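Peer 1: The structure under discussion is supplied below as structure tokens; questions concerning it will follow.
Number of protein chains: 2
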Amino acid sequence: MGDKKNKKSGERCALQEILGVIGGKWSMSIIYALFDGKKRFSELERLVPNINTRMLVKELKNMEANGIVVRKVFATVPPTVEYTLTTKGKKLEPIINELYKWGVEYVG
Amino acid sequence: MGDKKNKKSGERCALQEILGVIGGKWSMSIIYALFDGKKRFSELERLVPNINTRMLVKELKNMEANGIVVRKVFATVPPTVEYTLTTKGKKLEPIINELYKWGVEYVG
DNA sequence: CCGTATCCCTCACGATACTG
DNA sequence: CAGTATCGTGAGGGATACGG
């Protein structure tokens, strides 16, 4: 695996690529939780109810690979890891907030 | 399930519900295609590259059930069906456009 | 604490022949 | 033209024991 920017006979449109980045089941919830600042791994596990370890790790790695979050490790005992949004990630804030408002008004 | 407490990050359910409505692989692309007016079924099949009949039908039904699109049938031979966005659906336009711009800037 | 490593399984999606 | 019916696949996701 690695870069899959291959365009086959059919071109994937931008919207679908975006979903590949933030369309995961938990991505937006994680990003949302990071809007008010850095969070430790265990904090995210609490802040995003019902998520499990494997998925949290997976989504965070995906987001890190896509430049949405930054992972900072502190060589403490026990280990400390902090996640923060990048500039790129922060730019999603108004969008996700609007989406959220839309959902509150129409879905829930 | 009936968790109505509005804690700081306890709103995560809403985001997941929203994804249930417009988080499908093709939903946003279809909505996007409908931004510039009504489209017939076959038009959508052409406008949304690589989608297949089953998925287009499925997403459209889902969206109709969620009040995002309206389906109008004309008793012609051969049949004519037009899909349009509802007010609720149109309100997604700025959001999806912003998301699209975000993606163009950062993903593609 | 912060993850990794497994196992398992559902269901979302794909392809396509067929129909009113 | 606008769908329906059917079969098949794998990737996405859940649970949890284990390791540094």
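In the order they appear, the protein sequences are chains A and B.
For the first sequence, UniProt numbering assigns the number 1 to the initial residue and increments by one for each residue that follows.
For the second sequence, UniProt numbering assigns the number 1 to the initial residue and increments by one for each residue that follows.
Idealized CB from N, CA, C, for every residue including glycine.
This structure is a prediction, so every number in the text was calculated from the model and none was measured.
(1) Closest by CA to B:I30, which one among B:A14, B:E59, B:R54 and B:G20?
(2) Around the Cβ of B:S27, are there at least 16 other Cβ atoms within 10 angstroms (buried) or fewer (exposed)?
(3) Which full runs of the alpha helix (DSSP H) of 4+ residues lie inside the UniProt domain "HTH hxlR-type" (13–108) of chain B, going along the chain?
(4) So, at 6 Å on beta carbons, what are the nonlocal neighbours of B:M63 in its own chain, with the 5 sequence-adjacent residues on each side left out?
(5) Against chain B, with Cβ distances strictly below 9 Å, would A:G23 count as a contact?
(6) Under the rule that 16 or more other beta-carbon atoms within 10 Å means buried, what is B:K101, buried or exposed?
(7) Which residues of chain A have a Cβ atom closer than 8 Å to the Cβ of B:S29, listed in chain order?
(8) Could you tell me whether the Cβ atoms of A:K39 and A:E93 are closer together than 9 Å?
(9) Nearest by alpha-carbon distance to B:V107: which of A:Y106, A:V48, A:A65 and A:G103 is it?
(10) Using a Cβ cut-off of 9 Å, pull out every chain B residue sitting near residue 126 of chain A, in sequence order please.
(11) Is the beta carbon of B:V73 sitting closer than 9 Å to the one on B:T80?
(12) For the stretch 61–90 of chain B, which residues have a CB atom closer than 8 Å to at least one CB atom of chain A, in sequence order?
(13) Sorted by chain position, which residues of the same chain lie with C-beta nearer than 6 Å to B:N6's C-beta, five sequence neighbours on each side aside?
(14) Leaving out five residues before and five after A:K8 in sequence, what residues of the same chain have Cβ atoms less than 6 Å from its Cβ?
(15) Within the same chain, show all residues whose beta-carbon is closer than 7 Å to that of B:M55, passing over the 5 residues directly before and after it, in chain order.
(16) Compare the Cα-Cα distances from A:R71 to each of A:C13, A:G37 and A:Q16 and report the closest residue.
(17) Should residue 128 of chain A be labelled buried (16 or more other beta-carbon atoms within 10 Å of its own) or exposed?
(18) Give me the Cβ distance between B:G23 and A:G23, rounded to the nearest whole Å; I'm assuming they're in contact under 8 Å.
Peer 2: In brief:
(1) B:E59
(2) buried
(3) 27–34, 41–47, 53–65, 87–90 and 93–106
(4) Excluding sequence neighbours, B:M63 sits near V69.
(5) yes
(6) By the neighbour-count rule (16 or more Cβ atoms within 10 Å), B:K101 is not buried but exposed.
(7) Within chain A, the residues near B:S29 are C13, L15 and Q16.
(8) no
(9) A:A65
(10) Because residue 126 of chain A is not part of the residues shown, which for chain A are 1 to 108, the question remains open.
(11) yes
(12) Those residues of the stretch 61–90 of chain B that come within reach of chain A (Cβ to Cβ, closer than 8 Å) are N66, G67 and K88.
(13) With a pLDDT of only 37 at B:N6, under 50, the local geometry of the prediction cannot be trusted, and the value read off the model is given with reservation. Hits under 6 Å: none found.
(14) Residue placement at A:K8 is flagged as unreliable, the pLDDT there being 34, under the threshold of 50; a coordinate-derived value is accordingly withheld.
(15) W26
(16) Considering only alpha carbons, the answer is A:G37.
(17) The requested residue 128 of chain A is not part of the displayed model; chain A covers only 1 to 108.
(18) 6 Å
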